[in-house]
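Take the sequence shown: its letter number 132 is residue 132 in full-length UniProt numbering, and every next letter is one higher.
All C-beta atoms in this analysis are idealised placements derived from N, C-alpha and C, irrespective of residue type, glycine included.
Computed from a predicted model, the values in this text were never measured in an experiment.
Please read the structure below before turning to the comments.
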Amino acid sequence: MSVEEFERMVMVMYFQVLRDPMTQINGFKFIYDFEGTTLQHLMKCTPHHMYIYYHTLLHCVPGRYKGFHLINQSIVVKPCWTMIKPFLSEKIRSRVHFHSNVEELFEYFPRSILPVEYGGDLKDKIEENWLRKANKEHENHGATGQPNYF
């Protein structure tokens with residue numbers, strides 16, 4: 001999967017999450033699992049690319065960011081963190097958590113909302129209906145975004 005395809009997939013899922021009123025009120029937390037990342041992935045993490053990702057996430061898309069949890073850190077994580085950290089506010093920096101094992105996630109998340117792969121009780125990661133809605137929205141608006149009526 002190319003970086004562009006990955007970014008497109010993330011944005012489709014992200015916008016679908018933002019449509020949920022509960023997310024709009026309560027905000028959300030990210031869990032990034034870096035298992036299997038390699039030096040080849042690091043080659044895609046240019047300073048420009050990391051800045052665009054950061055800027056889009058925190059300044060262009062509305063969201064209440066409650067936490068960023070990173071597990072299974074590989075050789076890719078530290079250089080990327082070093083590149084993006086200077087651009088982050090102290091508030092956001094304090095919400096980034098590095099975990100050495102999956103069990104540490106239980107301090108921040110109840111088992112009932114974590115997938116089985118992470119020691120939780122949740123059997124289905126993504127509901128089929130939710131995924132169908134996200135795909136429909138992507139088909140309706142695609143890469144060019146929503147139509148401009150003004």
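field: Coil, strand or helix - tyrosine 149 by DSSP
entry: Along the sequence shown, read from residue 1 onward, the residue named residue 149 stands at position 149. Unreliable placement is indicated for tyrosine 149, whose pLDDT of 45 sits below 50; the coordinate value is still reported in the next sentence. The three-state secondary structure of tyrosine 149, taken from DSSP, is coil.
- prompt: Under three-state DSSP, which class holds leucine 58?
  reply: Counted from its first residue, the sequence shown places residue 58 at position 58. Note: leucine 58 maps to helix in three-state DSSP.
Histidine 69, buried or exposed, once every other Cβ within 10 Å from all chains shown has been counted against 16: What you label residue 69 is simply residue 69 of the sequence shown in a count that begins at 1. Around the C-beta of histidine 69, 16 or more other C-beta atoms lie within 10 Å, and the residue is accordingly described as buried.
query: What first and last residue would you give for the beta strand (DSSP E) that runs through lysine 29?
result: As a working mapping, residue 29 is identified with position 29 in the sequence shown. For lysine 29, the uninterrupted beta strand (DSSP E) run begins and ends at 28-33, by DSSP.
- request: Inspect the beta-carbon positions of phenylalanine 34 and serine 74 and report whether they are closer than 7 angstroms.
  value: Position 34 of the sequence shown, counting from 1, holds the residue named residue 34. Position 74 of the sequence shown, counting from 1, holds the residue named residue 74. Closer than 7 angstroms, so yes.
- prompt: Alpha carbon to alpha carbon, what distance is there between lysine 29 and proline 21?
  reply: Locating residue 21 in the sequence shown gives position 21, where the first residue counts as 1. Locating residue 29 in the sequence shown gives position 29, where the first residue counts as 1. Taken atom to atom, the span from the alpha-carbon of proline 21 to that of lysine 29 is near 15 angstroms.
field: Closest Cα partner of phenylalanine 15 within the set Tyr108, Thr38 and Leu57
entry: To locate residue 15, count along the sequence shown from 1; it is residue 15. Nearest C-alpha to phenylalanine 15: Leu57.
Own chain residues within Cβ distance below 6 angstroms of isoleucine 31, not counting five before or after: Residue mapping note: residue 31 aligns to position 31 of the sequence shown, counting from 1. Once the five neighbours on either side are set aside, the close Cβ partners of isoleucine 31 are His69.
message: Residues in the same chain with beta-carbon distance under 6 angstroms from arginine 64, minus the five sequence neighbours each way, listed in chain order, please.
response: To locate residue 64, count along the sequence shown from 1; it is residue 64. Counting only Cβ-Cβ distances below 6 angstroms, and skipping sequence neighbours, we find Gly27.
query: Can at least three beta-carbon pairs, one atom from the region 44-53 and one from the region 119-133, be found at a separation below 8 angstroms?
result: Verdict: no, contact absent.
field: Supposed contact pair leucine 18 and proline 62 - C-beta distance, whole angstroms, cut 8 angstroms
entry: Start at 1 with the first residue of the sequence shown, and residue 62 comes out as number 62. Start at 1 with the first residue of the sequence shown, and residue 18 comes out as number 18. Taking 8 angstroms as the upper bound for CB-CB distance, proline 62 and leucine 18 are in contact here, some 7 angstroms apart.
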